[in-house]
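J.:
2 protein chains.
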Amino acid sequence: MTKILIIGGVAGGASAAARARRLSEDAEIIMFERGPYISFANCGLPYHIGGDIEQRDALLLQTPESFKARFNVDVRVMNEVVSINRQDKTLTIRNLNTQENYQESYDKLVLSPGASPIVPPIPGIQNSRTFSLRNIPDMDKIIASIEHNQPKHATVVGGGFIGIEMAEALIQRGINTSLVELSQQVMAPVDSEMAAPLHQEMQHHGVDLRLGVALEAVFPSQQQAADELASVDEQGLELRLSNGDLLETELLIMAIGVKPETSLARQANLNIGELGGIQVNSQLQTSDPDIYAVGDAIEDPEFVTGDAALIPLAGPANRQGRMVANNIFGAGEHYKRSQGTAICKIFDLAVASTGLNEKTLQRKGLAYEKVYVHAASHAGYYPGAHPINLKLLFNPANGAILGAQAVGKDGVDKRIDVIAVAQRAGLTVFDLQDLELTYAPPFGSAKDVVNQAGFVAANSIQGDTRLCHSDEINQPSAEQLVLDVRNPEELEKLGAIPGAVNIPVDQLRERINELPKDKEILVYCMVGLRGNVAYRQLVNHGFKAKNLTGGYKTWLAAKA
Amino acid sequence: MTKILIIGGVAGGASAAARARRLSEDAEIIMFERGPYISFANCGLPYHIGGDIEQRDALLLQTPESFKARFNVDVRVMNEVVSINRQDKTLTIRNLNTQENYQESYDKLVLSPGASPIVPPIPGIQNSRTFSLRNIPDMDKIIASIEHNQPKHATVVGGGFIGIEMAEALIQRGINTSLVELSQQVMAPVDSEMAAPLHQEMQHHGVDLRLGVALEAVFPSQQQAADELASVDEQGLELRLSNGDLLETELLIMAIGVKPETSLARQANLNIGELGGIQVNSQLQTSDPDIYAVGDAIEDPEFVTGDAALIPLAGPANRQGRMVANNIFGAGEHYKRSQGTAICKIFDLAVASTGLNEKTLQRKGLAYEKVYVHAASHAGYYPGAHPINLKLLFNPANGAILGAQAVGKDGVDKRIDVIAVAQRAGLTVFDLQDLELTYAPPFGSAKDVVNQAGFVAANSIQGDTRLCHSDEINQPSAEQLVLDVRNPEELEKLGAIPGAVNIPVDQLRERINELPKDKEILVYCMVGLRGNVAYRQLVNHGFKAKNLTGGYKTWLAAKA
Chain R
1 MTKILIIGGV
11 AGGASAAARA
21 RRLSEDAEII
31 MFERGPYISF
41 ANCGLPYHIG
51 GDIEQRDALL
61 LQTPESFKAR
71 FNVDVRVMNE
81 VVSINRQDKT
91 LTIRNLNTQE
101 NYQESYDKLV
111 LSPGASPIVP
121 PIPGIQNSRT
131 FSLRNIPDMD
141 KIIASIEHNQ
151 PKHATVVGGG
161 FIGIEMAEAL
171 IQRGINTSLV
181 ELSQQVMAPV
191 DSEMAAPLHQ
201 EMQHHGVDLR
211 LGVALEAVFP
221 SQQQAADELA
231 SVDEQGLELR
241 LSNGDLLETE
251 LLIMAIGVKP
261 ETSLARQANL
271 NIGELGGIQV
281 NSQLQTSDPD
291 IYAVGDAIED
301 PEFVTGDAAL
311 IPLAGPANRQ
321 GRMVANNIFG
331 AGEHYKRSQG
341 TAICKIFDLA
351 VASTGLNEKT
361 LQRKGLAYEK
371 VYVHAASHAG
381 YYPGAHPINL
391 KLLFNPANGA
401 ILGAQAVGKD
411 GVDKRIDVIA
421 VAQRAGLTVF
431 DLQDLELTYA
441 PPFGSAKDVV
451 NQAGFVAANS
461 IQGDTRLCHS
471 DEINQPSAEQ
481 LVLDVRNPEE
491 LEKLGAIPGA
501 VNIPVDQLRE
511 RINELPKDKE
521 ILVYCMVGLR
531 GNVAYRQLVN
541 HGFKAKNLTG
551 GYKTWLAAKA
Chain S
1 MTKILIIGGV
11 AGGASAAARA
21 RRLSEDAEII
31 MFERGPYISF
41 ANCGLPYHIG
51 GDIEQRDALL
61 LQTPESFKAR
71 FNVDVRVMNE
81 VVSINRQDKT
91 LTIRNLNTQE
101 NYQESYDKLV
111 LSPGASPIVP
121 PIPGIQNSRT
131 FSLRNIPDMD
141 KIIASIEHNQ
151 PKHATVVGGG
161 FIGIEMAEAL
171 IQRGINTSLV
181 ELSQQVMAPV
191 DSEMAAPLHQ
201 EMQHHGVDLR
211 LGVALEAVFP
221 SQQQAADELA
231 SVDEQGLELR
241 LSNGDLLETE
251 LLIMAIGVKP
261 ETSLARQANL
271 NIGELGGIQV
281 NSQLQTSDPD
291 IYAVGDAIED
301 PEFVTGDAAL
311 IPLAGPANRQ
321 GRMVANNIFG
331 AGEHYKRSQG
341 TAICKIFDLA
351 VASTGLNEKT
361 LQRKGLAYEK
371 VYVHAASHAG
381 YYPGAHPINL
391 KLLFNPANGA
401 ILGAQAVGKD
411 GVDKRIDVIA
421 VAQRAGLTVF
431 DLQDLELTYA
441 PPFGSAKDVV
451 NQAGFVAANS
461 IQGDTRLCHS
471 DEINQPSAEQ
481 LVLDVRNPEE
491 LEKLGAIPGA
501 VNIPVDQLRE
511 RINELPKDKE
521 ILVYCMVGLR
531 GNVAYRQLVN
541 HGFKAKNLTG
551 GYKTWLAAKA
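Protein chains in written order, with full-length UniProt numbering: chain R, 1 to 560; chain S, 1 to 560.
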């Protein structure tokens, strides 16, 4: 009879426990959770704060009792494992209700401790109006603070998933909200030009967005001395930012990121990777083969390079938990690389990504090309179509898909899912052209956004199109000329790239002699389609040319 | 200078013309269209009739003038090609405005004639209140008839895409509508148990659905003699159905299907396939290498088997048009097999499919297994989640994906797209387990419907689960016992499979001795999840068992 101990009762741990029981009725399975809840919907926490999820109970997916009845797992909440004793294969556990320690032996141990919010050593940050959000008690405290203090203003520090979701939740509750982010963009998984519409969306909904700014110190409100922090309870906070601004606020949410929870693993001398996560092999074993680890606490191999990466996402955690149970019972399954496919709702927009972004490709020195497509979420003539902005990164030598990002009101999840499957399957941009996706006017287009991205990328690799990007068109050389092929009304209404000559695409054939044959023509239109038609005309008439991928829309976003 | 003639100015033809121009400024390109419009949104026609698409102009995506200006293509509408003269490589064309014939020579010819509605030889069907819907003039006639006659009742014959969309359009216009379908289900691309919720949805929205019934004859209303059909204009129609019913109606839409338009190809002695479509090779050449053919008129190789199939869908037509232009200029591209991925909106539901359905797998004698998953379109605790019913067909020997079907209010397109990409890429059901799809509560679940289908299918192949289906559980042998593991309240409220013993899954461990060890236990729950937990308990306790995939929900649908 195998005795399995599991540390952590949320995504990965709970998945491992349930799967282990399905595989064996005999196994003894004990799951330790230091908090009061297991299997709670951690991704739902901001939505309960914001009011979208009305019932708190909806977040509690399982209880110790339901888990016992269904899976015969001995769930011990409020029981914190304080040490792993590898030599005798036991754990020392503290019952947080009784404050007594006790021991349990194991045959196999599963670590699913998760990650913890990074709380930087900022002066004054330890106060009664500052919170992070990782679990149900955190959420309860934030709601209690809102209900008790009725804040008129809140500040979120950090523009990642939780920071963005919290800013939206606070705005939904009618609280004026500032979001402070150290870098020049929110949502680090996407590149800056893809984040630009997110900034607009947040500002449009009233978020006071402060990019490129750090929180330096926290004081009690009304510039009282730092040693009077006790008055925070009544008076709120004053934040000092790195640009010198002072910000009066009544609620502070710290959401600058999470770090793997590795204290137990370190204490037990398990190998820790360079990124600070628990190292596991492809069967998800730590450096001790009887100890498995899953979820936010571990380092995963990133899909494109195989390099170690921290990927604190629910999907991988759940699948890893299931796989560990399989492997405990001898399945010998190997965890495949992680793409880090993710999505975030930002008011009426969604932003999603998979694979590597351009920043990372540059940092790793990998060869890449990129294309942008702006197309409708479904047939433009059917009501409710919204533009999707898709960025596709690929290997210019062989068309391998390196990553993709998309922003829009509708259908963003679908397009990134489609590309994530294609990438995982080893399809190339050439294959994206041929994907047969569902089409009827309410759902898509006969040539879907993804097909179109495949066309543009394949054209580029095959030499049917030479692409240019914002950086090149912003600083044309003396041997280059910038040509705007939109209609004059579009230029008047929306502006144009400085220095561009305007010949509408439908007049280009008759006016082509107005252009110099000795210069390279950098063509652009609104999104890249007419630009490509013009580009092909020019090249077929013997001109040198390039087409701005994504057109003026992408250029505007890159400039923002 | 290549001279390219194109017959047909909609999806495939227009795509070929535009791409050909992008590849060559020199080519002479003439596109003939016998109707008054090119590049119209044929998939949008029912939605203009129903009022969702308010502006008729929205359906006219290009005009001859815009096509000339943008692509320098000589577009000749109201010009019908009357013969292909292969020996001298010319066409004879009739100008329908002048009724004069003339000739044009070609180097390369592209046939994109589309398909035409099948109008069966039913007595009385040629009358002023009976229409089919394939193009803008058809649509205009239907709208004119509605506006002139103000019908209180309409009848649609045929439950495919157009028939269903037309029934919805007519209901939206406030017209009582009957839908008459010869087979026992609408939407032939899916299997009958997947069509059952579509029938409910249509009836719920007021469609008078008549399945298993054929239209036998059409009379003028009020049972006047058949030779008085002239009175139809004033008095409407009486329909005689194969079950003897008489149906008074004022508007009749014939939508029983389409057949490839092959008259020109036949006249030119091009090879026609067994299914009645133009035969092409993988480069989309007909039996005459200077004549290409694309779209609804040709036979495509079906994805799983490579067998010829008729796949009259917009996506393949558009891509084929583009590919033909590439091949005319020497690209040598090969058309890949078609999965026939398709989707249809049915009031608030969507139904979609890709690959082969079970009916076809049975007919072709191919080995298959099937699983059903009922899961939420996104996290159940976030508002707006709706159930998705997914059927996955796979090869039980190696897990190859054979086909998939889904029905639901939201997210159906995404799941079928994901599976379509996986199938095209050659992924198996094992790979579906590992797909990393976008997850946040508004968009999906940490274990998506598709992942879950992968889990169930992989469990089945690996022997972790033995599945049973409705036919087996409906007629258990003397050595079998049917076990319902739902809670008694569910049985009271929703009913149960006749003869089932009820032990709720959470009581099974303590009551397991109530079950006979010498019988095979056929377990079921509502959707299959609890059934699997119970199945694993039983097997791990030494019982023989099977789990009903899709549970009571699928059983109910199969019975409907």
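Here a beta-carbon is modelled for each residue, glycine too, at the ideal position from N, C-alpha and C.
1) In this structure, how does DSSP classify S178(S) when only helix, strand and coil are distinguished?
2) Please report the straight-line C-alpha distance between Q224(S) and S145(S), rounded to a whole angstrom.
3) Start and end of the beta strand (DSSP E) containing G408(S)?
4) Roughly how many angstroms separate the alpha carbons of S338(S) and H469(S), rounded to a whole number?
5) Give me the Cα-Cα distance between A11(R) and A422(S), rounded to the nearest whole angstrom.
6) Listing by chain order, which chain S residues have their CB less than 9 Å from the CB of K345(R)?
7) Under 7 Å Cβ to Cβ from A20(R), same chain only, skipping five residues before and after it: list those, please.
8) Can you give the Cα-Cα distance for M194(R) and G13(R), rounded to whole angstroms?
9) Give the single residue among E65(R), Q480(R) and L392(R) whose Cα lies nearest to the Cα of R76(R).
10) If we ignore side chains and look at the alpha-carbon of each, how far apart do T341(S) and I401(S) end up?
11) How is Q87(R) classed by DSSP in three states: helix, strand or coil?
12) Closer than 7 Å, Cβ to any Cβ of chain R: which residues of the segment 30 to 51 of chain S, in chain order?
13) Would you tell me roughly how many angstroms separate the C-alpha atoms of K152(R) and I143(R), rounded to the nearest one?
14) Please tell me whether R70(S) has its Cβ less than 7 Å away from any Cβ of chain R.
15) List the residues of chain R whose Cβ lies closer than 8 Å to the Cβ of Y382(S), in chain order.
16) Which first and last residues belong to the beta strand (DSSP E) in which Y292(S) is found?
17) Applying a beta-carbon distance threshold of less than 8 Å, which residues of chain R neighbour I416(S)?
18) Let's test the definition: count the other Cβ atoms within 10 Å of the Cβ of T428(S) and tell me whether it reaches 16, buried, or not, exposed.
19) For Y535(R), report the span of its alpha helix (DSSP H) as first-last.
20) Below 8 Å CB to CB, which residues in the same chain sit around K517(S) once its five sequence neighbours on both sides are set aside?
21) Enumerate in chain order the residues of its own chain whose CB-to-CB distance from E261(R) is below 8 Å, with the five nearest sequence positions on each side excluded.
22) Which residues of chain S have a Cβ atom closer than 9 Å to the Cβ of L427(R), listed in chain order?
23) Starting from L427(R), follow the alpha helix (DSSP H) in both directions and report where the run begins and ends.
24) For L467(R), which residues in chain S fall below 9 Å Cβ to Cβ?
25) Taking the C-alpha atoms as reference points, what is the distance between T92(S) and A317(S)?
26) When you compare only the Cα positions, how much space is there between N540(R) and S460(R)?
27) Check each candidate in A350(R), K493(R), F303(R) and R530(R) and name the one with the smallest Cα separation from P504(R).
28) Determine the contact status of R391(R) and Y372(R), defining contact as a CB-CB distance below 7 Å.
29) Could you tell me the boundaries of the alpha helix (DSSP H) in which R266(R) lies?
30) Within the continuous alpha helix (DSSP H) that includes I328(R), where are the two ends?
31) Taking its Cβ as the centre, do 16 or more other Cβ atoms sit within 10 Å of Y102(S), making it buried, or is it exposed?
32) Thinking just about the alpha-carbon of each residue, which of P387(R), H374(R) and K345(R) is nearest to the one in Y382(S)?
33) So I416(R) packs on I343(R), CB below 8 Å; how close in whole Å?
34) Check the C-beta distance from G163(S) over to L179(S) and give it rounded, since I have them as a contact under 8 Å.
T.: Here's the rundown:
1) Secondary structure at S178(S): strand, using DSSP grouped into helix, strand and coil.
2) Residue placement at Q224(S) is poorly supported in this model, since its pLDDT is 49, which falls under 50; the coordinates still yield a value, given next. The C-alpha of Q224(S) lies about 21 Å from the C-alpha of S145(S).
3) Start and end: I401 to G408.
4) Using only the alpha carbons, I get a separation of about 29 Å.
5) Rounded to whole angstroms, A11(R) to A422(S) spans 26 Å at the Cα level.
6) From the beta-carbon of K345(R), the residues of chain S found nearer than 9 Å are A440, P441, P442 and F443.
7) Hits under 7 Å: I4, A27, I29, A325 and I328.
8) When rounded, the distance between both Cα atoms is 35 Å.
9) The shortest Cα separation from R76(R) among E65(R), Q480(R) and L392(R) belongs to E65(R).
10) Each residue's alpha carbon lies about 14 Å from the other.
11) Q87(R) carries a coil assignment under DSSP once its states are collapsed to helix, strand and coil.
12) So the close ones are A41, C43, G44 and Y47.
13) Taken atom to atom, the span from the alpha-carbon of K152(R) to that of I143(R) is near 14 Å.
14) So, interface residue.
15) Those are G44, Y47, D52 and I53, listed as they occur along chain R.
16) Segment I291 to A293, the beta strand (DSSP E) holding Y292(S).
17) For I416(S), the C-beta contacts it makes with chain R under 8 Å involve T438, in order along the chain.
18) So T428(S) ends up on the buried side.
19) Annotation: the continuous alpha helix (DSSP H) that includes Y535(R) extends over L529 to N540.
20) Within the same chain, Cβ atoms closer than 8 Å to the Cβ of K517(S) are found at G542 and F543, the five residues on either side in sequence being excluded.
21) Taking E261(R) as the centre and dropping the five residues before and after it, the same chain places the C-beta of P113, G114, A115, S116, D296 and A297 closer than 8 Å to its C-beta, in chain order.
22) Those are V421, R424 and A425, listed as they occur along chain S.
23) Where L427(R) is concerned, there is no enclosing alpha helix (DSSP H), given that its DSSP letter is neither H nor E.
24) Simply none; closest approach about 15 Å.
25) Answer to the nearest angstrom: the Cα atoms are 25 Å apart.
26) N540(R) and S460(R) have their C-alpha atoms some 16 Å from each other.
27) Looking at the Cα atoms, R530(R) is the closest of the given residues.
28) According to the sequence displayed, residue 391(R) carries Lys and not Arg. Yes.
29) From DSSP, the alpha helix (DSSP H) with R266(R) extends over S263 to Q267.
30) First-last of the alpha helix (DSSP H) with I328(R): A314 to I328.
31) Y102(S) counts as exposed, since fewer than 16 other beta carbons sit within 10 angstroms of its beta carbon.
32) Nearest option by C-alpha distance: K345(R).
33) Contact flag correct, Cβ pair sits at about 7 Å.
34) Contact flag correct, Cβ pair sits at about 6 Å.
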